[in-house]
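Read in order, the letters of the sequence shown are residues 52 to 347 in my numbering.
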Amino acid sequence: MISEEPSDLQATIEQTDSGEQQYVLRALCDHLSGIREELSGIRTLLEAGHAASEAMRGQAHAYLEAQQARTQEYLDQVQVEPEPDFYPFVELPAGTEPRDLPDGNRLFTLPDGMILRTTDDQRICVIDGGEQQVITPGPGTAIEVAPGRLYTLVESYLRSTQEAAGISGLPAGIEPTAMGAERFAVVLPEGIRLDVDHRERFITLINPAGPIDIIGIGRIEGIGETIAVRLLSGGAKGFRCGQSGHSGLIEADGTIHLGLKNGLDLVVRFQGEAIDDGTSENGCSGQCGLDCEERA
Numbered sequence: 052m053i054s055e056e057p058s059d060l061q062a063t064i065e066q067t068d069s070g071e072q073q074y075v076l077r078a079l080c081d082h083l084s085g086i087r088e089e090l091s092g093i094r095t096l097l098e099a100g101h102a103a104s105e106a107m108r109g110q111a112h113a114y115l116e117a118q119q120a121r122t123q124e125y126l127d128q129v130q131v132e133p134e135p136d137f138y139p140f141v142e143l144p145a146g147t148e149p150r151d152l153p154d155g156n157r158l159f160t161l162p163d164g165m166i167l168r169t170t171d172d173q174r175i176c177v178i179d180g181g182e183q184q185v186i187t188p189g190p191g192t193a194i195e196v197a198p199g200r201l202y203t204l205v206e207s208y209l210r211s212t213q214e215a216a217g218i219s220g221l222p223a224g225i226e227p228t229a230m231g232a233e234r235f236a237v238v239l240p241e242g243i244r245l246d247v248d249h250r251e252r253f254i255t256l257i258n259p260a261g262p263i264d265i266i267g268i269g270r271i272e273g274i275g276e277t278i279a280v281r282l283l284s285g286g287a288k289g290f291r292c293g294q295s296g297h298s299g300l301i302e303a304d305g306t307i308h309l310g311l312k313n314g315l316d317l318v319v320r321f322q323g324e325a326i327d328d329g330t331s332e333n334g335c336s337g338q339c340g341l342d343c344e345e346r347a
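Put into structure tokens, the structure is as follows:
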């Protein structure tokens with residue numbers, strides 16, 4: 052009897068341990084099955100979300116393609132014409148056809164058949180009705196291509212060089228502007244304007260304060276101020292402007308050495324030969340050496 056007790060107890064213990072393990076395993080299986088079902092549900096949700104995203108992506112792509120096709124169709128129907136380039140004119144009539152020429156000049160065919168052509172000397176050749184004429188711009192940037200028919204030129208087109216204008220000593224960055232045949236203008240520091248007329252061989256100083264000085268070998272005149280003149284040897288003349296304070300020397304050949312009140316010194320040399328007719332228009336015959344007449 053004593054020898055059987057341990058054997059029964061061991062069997063009981065083994066049986067008890069086996070039942071508990073099965074219970075634990077069943078519980079674990081149930082728990083894992085629940086997790087599996089939850090994961091399956093999550094997977095289903097993720098797949099549904101991905102499918103919805105792909106559907107939205109496809110719809111967006113189709114919408115963009117449709118919009119692009121409609122935009123391209125609209126652009127194909129609408130032709131955007133570039134702004135016409137009428138340089139050196141500010142504006143010409145609608146329908147004017149510009150054309151660049153091999154020599155660097157430009158040709159413009161106007162709607163009425165008139166042809167305008169730029170030239171190397173900054174003038175405009177007009178061809179109308181089989182007749183051709185070369186027009187000099189002026190006054191200013193205006194040009195009259197036919198009676199009563201005015202157009203405006205871009206100011207930069209009329210800009211010239213100091214050598215062409217015959218002016219020496221201009222500050223850096225300041226260039227004259229061609230105002231017409233043998234006429235040039237330049238705006239100096241402090242707003243003083245200098246006009247050079249090679250045909251008449253005189254200069255005009257327009258001062259911001261108002262006085263205007265006309266200075267040349269055959270003409271010295273102050274408008275709004277007096278100009279003192281003195282004769283020098285060799286036919287030269289010295290001058291001094293009373294109010295503006297400018298002064299200088301005029302050589303016998305017409306070359307003007309000009310000293311402005313602001314300290315700028317310029318030399319103006321005229322093109323062509325000097326004309327000496329022995330006359331003067333300075334109000335006092337140019338021989339008195341006194342102040343010239345003042346004109347209001």
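Heads up, the beta-carbon is just placed ideally off N, CA and C, and yes, glycines get one too.
Could you say which of the options lies nearest to residue i if we only look at CA atoms?
i      : options                        : result
Ala232 : Gly242, Glu241, Glu251         : Glu251
Asp172 : Arg210, Pro135, Val237, Tyr138 : Arg210
Thr170 : Asp179, Gly269, Ile186         : Ile186
Gly286 : Cys292, Ile278, Leu300, Gly273 : Leu300
Arg234 : Thr212, Pro222, Leu221         : Thr212
Ala303 : Gly85, Ala106, Lys288          : Lys288
Gly20  : His308, Gln118, Gln184         : No information on residue 20 is available, as it lies outside the stretch 52 to 347 that the chain covers here.
Phe137 : Gly155, Gln123, Leu152, Phe159 : Phe159
Arg168 : Gly269, Ser284, Leu204         : Leu204
Ile194 : Gly181, Val177, Glu182         : Val177
Leu317 : Gly220, Ile278, Gly323         : Gly220
Arg150 : Glu272, Pro135, Val141         : Pro135
Tell me where the beta strand (DSSP E) around residue i begins and ends.
i      : result
Gln183 : 182-186
His308 : 307-310
Gly269 : Counting along the chain, Gly269 falls outside any beta strand (DSSP E), and DSSP gives it neither H nor E.
Ala279 : 278-282
Gly299 : 298-301
Gly289 : 288-292
For residue i, name the three-state secondary structure that DSSP assigns.
i      : result
Gly107 : Position check: residue 107 holds Met in this sequence, whereas Gly was assumed. Three-state DSSP puts Met107 in a helix.
Pro149 : strand
Thr169 : strand
Arg87  : helix
Thr29  : Outside the shown range of the chain, which is 52 to 347, sits residue 29, and nothing can be said about it.
Glu116 : helix
Val318 : strand
Val141 : coil
Glu134 : coil
Asp179 : strand
Taking 6 Å as the limit between beta carbons, can you name the residues of its chain near residue i, skipping five residues before and five after?
i      : result
Thr228 : Leu209, Arg210, Ala236
Val311 : In the sequence on display, residue 311 carries Leu and not Val. So the qualifying residues of the chain are His297.
Pro262 : Gly275, Glu276, Gln294, Ser295
Gly242 : Pro259
So, at 7 Å on beta carbons, what are the nonlocal neighbours of residue i in its own chain, with the 5 sequence-adjacent residues on each side left out?
i      : result
Pro162 : Pro144, Gly146, Thr147
Arg244 : Ala236, Val238, Ile257
Phe253 : Ile265, Ile266, Gly267, Arg270
Name the two residues that bound the continuous alpha helix (DSSP H) containing residue i.
i      : result
Ala216 : 213-216
Less than 8 Å between C-beta atoms, sequence neighbours within five positions excluded: which residues of the same chain meet that for residue i?
i      : result
Met165 : Val177, Ile178, Asp179, Val196, Ala197
Glu206 : Thr192, Thr228
Met230 : Pro188, Gly189, Pro190, Gly191, Leu209, Ala236, Asp246
Go through the region 182-267 residue by residue and report every complete run of the beta strand (DSSP E) that reaches 3 residues or more, in order.
Counting only runs of 3 or more, we get 182-186, 193-197, 200-203, 228-231, 234-238, 244-248, 253-257, 263-267.
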